[in-house]
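**Q** Quick one: structure below, then a few questions.
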Amino acid sequence: MALPPTYTDRTLAQALDLALERTARLVALGHRSPATLAIQREHVRYLLERLEPHLPLDHLTTGLLEAFCDAEVQGRRGRPLRGTSLPKRLATLRLALRCARRRGWIAELPAWPEVIAPYVPDTRHLRSYAEYRRLFLALPRRRAEWMAFAVFTGQHASDIHRATRADLDLEASPPLIRIRNSKNRKPKGVWVPIPEELIRLFSKRWARLPPDGKLVTPWVWRGKELRSACARAGISPTLCATSFRHTCATWLIRRVGITKAVMEWLGHSSFAMISRVYGHALPGEMREASAALEDMARAERRPPRRAPRRGQKRGRRRADR
Numbered sequence: 001m002a003l004p005p006t007y008t009d010r011t012l013a014q015a016l017d018l019a020l021e022r023t024a025r026l027v028a029l030g031h032r033s034p035a036t037l038a039i040q041r042e043h044v045r046y047l048l049e050r051l052e053p054h055l056p057l058d059h060l061t062t063g064l065l066e067a068f069c070d071a072e073v074q075g076r077r078g079r080p081l082r083g084t085s086l087p088k089r090l091a092t093l094r095l096a097l098r099c100a101r102r103r104g105w106i107a108e109l110p111a112w113p114e115v116i117a118p119y120v121p122d123t124r125h126l127r128s129y130a131e132y133r134r135l136f137l138a139l140p141r142r143r144a145e146w147m148a149f150a151v152f153t154g155q156h157a158s159d160i161h162r163a164t165r166a167d168l169d170l171e172a173s174p175p176l177i178r179i180r181n182s183k184n185r186k187p188k189g190v191w192v193p194i195p196e197e198l199i200r201l202f203s204k205r206w207a208r209l210p211p212d213g214k215l216v217t218p219w220v221w222r223g224k225e226l227r228s229a230c231a232r233a234g235i236s237p238t239l240c241a242t243s244f245r246h247t248c249a250t251w252l253i254r255r256v257g258i259t260k261a262v263m264e265w266l267g268h269s270s271f272a273m274i275s276r277v278y279g280h281a282l283p284g285e286m287r288e289a290s291a292a293l294e295d296m297a298r299a300e301r302r303p304p305r306r307a308p309r310r311g312q313k314r315g316r317r318r319a320d321r
């Protein structure tokens, strides 16, 4: 069956422009970070270098996508790409094709090829409060405060940089802070009590801020300083901004388990997803649950004590034993 002319006069470059326009609208609404748009623009530039910009969308078949993936696995100059590079570029391409389908430019999406490797979550996190304190003392003061805010709110770096005095309610009892999750499409966030660690660090400064005042000093280029601080604090492997979010999630799950409140705090809506990403926090709870089941089973296996006969004393004399 031949496709109508409207399906064949649209190109790959036009579809990628649609994806960028959609992300730009979400950034304007505060639902996406400007960094997301910048990354997608880099993906679009790369895709237009590797694929023909004027390629008709109905020519973008599964076979062409598989050939593109095979070439990408080899990488440029014979060096293989990192495992995350290809899936992210394919995600931008798939977003473009979905936008094109909504516009009626294509009838359906091509079957998607397998990516390089399955998703493996990054499980780096601070293992204890003592480790957190060592890293806090190893960082300059304003960087340490940024790290503390990230650990005790569990927000993404982009949401931390957006946080202002308007995200606080210091008059409430207890004082509240808004936890945003823009990357998880929940920019309105959820209000939670401010952790005591943050009250101790920031309460006086926050009370003097104007409504649009930033809660913490932005920290954009973190890699070099974090590597040096982790080395001084004796923390290995080196942590990143996502590690602080994982620290918050790990500590929450170890204390209260995977509950609806924890899922709302982290901006997730799927038990399966949060178990897959933060499963490293569960073994201790699993041992406790297993021990509880074993205690119940042991109680069932234990023979009941027989009641003494009428006129018989409960214990026997030592000489009769």
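In the working numbering, the protein residues as written are 1 to 321. Here a beta-carbon is modelled for each residue, glycine too, at the ideal position from N, C-alpha and C.
Taking 8 angstroms as the limit between beta carbons, can you name the residues of its chain near residue 137, skipping five residues before and five after?
**A** Taken in chain order, the residues that qualify are 144 and 233.
**Q** Distance check for residue 63 and residue 99, CA to CA, integer angstroms please.
**A** About 21 angstroms.
**Q** Taking the alpha-carbon of residue 224 as reference, which of 217, 218 and 239 has the nearest alpha-carbon?
**A** Out of 217, 218 and 239, 239 has the C-alpha closest to the C-alpha of residue 224.
**Q** Taking the beta carbon of residue 257 as the centre, do at least 16 other beta carbons fall within 10 Å, making it buried, or is it exposed?
**A** That one is exposed.
**Q** Between which two residues does the beta strand (DSSP E) harbouring residue 134 extend?
**A** Where residue 134 is concerned, there is no enclosing beta strand (DSSP E), although the alpha helix (DSSP H) it sits in stretches over 129 to 138.
**Q** Can you tell which of 46, 24, 121 and 54 has the C-alpha that lies nearest to the C-alpha of residue 11?
**A** Per the Cα distances, 54.
**Q** Looking only at its own chain, which residues have a Cβ that is under 7 angstroms from the Cβ of residue 219, when we skip the five neighbours before and after it?
**A** Excluding residues within five positions, the ones whose Cβ falls inside 7 angstroms are 143 and 146.
**Q** How should residue 109 be labelled, buried or exposed, when 16 other C-beta atoms within 10 angstroms of its C-beta is the threshold for buried?
**A** Exposed is the call here.
**Q** Please work out which residues of its chain come closer than 8 angstroms, Cβ to Cβ, to residue 198, disregarding the five sequence neighbours upstream and downstream, and give them in chain order.
**A** Around residue 198: 148, 149, 152, 153 and 177.
**Q** Go through its chain and collect everything with a Cβ distance to residue 174's Cβ below 8 angstroms, but skip five positions before and after it.
**A** Excluding positions up to five away in sequence, the list reads 193 and 194.
**Q** What first and last residue would you give for the beta strand (DSSP E) that runs through residue 178?
**A** It spans 176 to 181 - the beta strand (DSSP E) in which residue 178 sits, taken as one unbroken run.
**Q** Quick check on DSSP: helix, strand or coil for residue 206?
**A** Residue 206 falls in the helix class under three-state DSSP.
**Q** Between which residues of its own chain and residue 201 is the CB-CB distance below 7 angstroms, once the five residues before and five after are set aside?
**A** So the qualifying residues of the chain are 145 and 148.
**Q** According to DSSP, residue 192 sits in a beta bridge with which residue or residues?
**A** DSSP output for residue 192 lists 177 as bridge partner(s).
**Q** Just how far apart, CA to CA, sit residue 222 and residue 131?
**A** Answer to the nearest angstrom: the Cα atoms are 19 angstroms apart.
**Q** As a quick exercise: from 30, 20 and 50, pick the residue whose alpha carbon is nearest that of residue 39.
**A** The candidate whose alpha carbon is nearest that of residue 39 is 20.
**Q** To test your reading of the DSSP string, which unbroken alpha helix (DSSP H) runs of 4 or more residues are found completely within the segment 144 to 171?
**A** You should have 157 to 162.
**Q** Between which residues of its own chain and residue 95 is the CB-CB distance below 6 angstroms, once the five residues before and five after are set aside?
**A** Result list for residue 95: 19, in chain order.
**Q** My output table needs one value for residue 56: the three-state DSSP class, helix, strand or coil.
**A** Strand at residue 56.
**Q** To the nearest angstrom, how far is the alpha carbon of residue 51 from that of residue 13?
**A** Rounded to the nearest angstrom, the two C-alpha atoms are 10 angstroms apart.
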